[in-house]
Amino acid sequence: MDVNIMLGREYTAFPGLYPTIATKLVFGAKNHPYKSKREVYDALEGNEAMIERLKSYDKAIVIRKYDSSVRQFKESQICKYECKKKVSATN
6 MDVNIMLGRE YTAFPGLYPT IATKLVFGAK NHPYKSKREV YDALEGNEAM
56 IERLKSYDKA IVIRKYDSSV RQFKESQICK YECKKKVSAT N
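The sequence shown maps to residues 6 to 96 in my numbering.
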């Protein structure tokens, strides 16, 4: 779980994190990329229930340098799939 480049929908692979926790983590990474796990937990603003839920995945949390090109690529691939699907559904 590379929190600095994950998209919200990727958190669905971790039950209990999507949408609320995922939204907070994605927003935090975009505005101030995380440098430590402490910063990741701080993004949950002291909400103990959310912190405990995220702690259940603590070993999966990875913090790499924010890379906007990777994030942009991921977003473009999802849009490419979803946009094609929507166009096909309306034809």
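Glycine is no exception: its CB is placed at the ideal position from the N, C-alpha and C atoms.
Just so it is clear, the structure is predicted and the values come from calculations on it, not from any experiment.
Could you give the distance in angstroms between the alpha-carbon of residue i and the alpha-carbon of residue j?
| i | j | result |
| --- | --- | --- |
| Y16 | K79 | 14 Å |
| E50 | Q82 | 31 Å |
| V8 | V31 | 7 Å |
| R58 | H37 | 22 Å |
| M6 | K70 | 13 Å |
| K29 | E53 | 14 Å |
Determine the extent of the alpha helix (DSSP H) in which residue i is found, giving its start and end residues.
| i | result |
| --- | --- |
| T28 | T25 to N36 |
| V45 | K42 to D47 |
| A54 | E53 to K60 |
Identify which residue in the options has its Cα closest to the Cα of residue i.
| i | options | result |
| --- | --- | --- |
| M55 | G13, N36 and I26 | I26 |
| F19 | I68, R43, F32 and Y62 | Y62 |
| Q77 | D7, L12 and V8 | L12 |
| Y46 | M6, H37 and K60 | K60 |
| S74 | P24, L30 and K35 | K35 |
| E44 | P24, G21 and I66 | I66 |
Name, in chain order, the residues that DSSP records as bridge partners for residue i.
| i | result |
| --- | --- |
| V8 | V8 pairs with nothing; no bridge assigned. |
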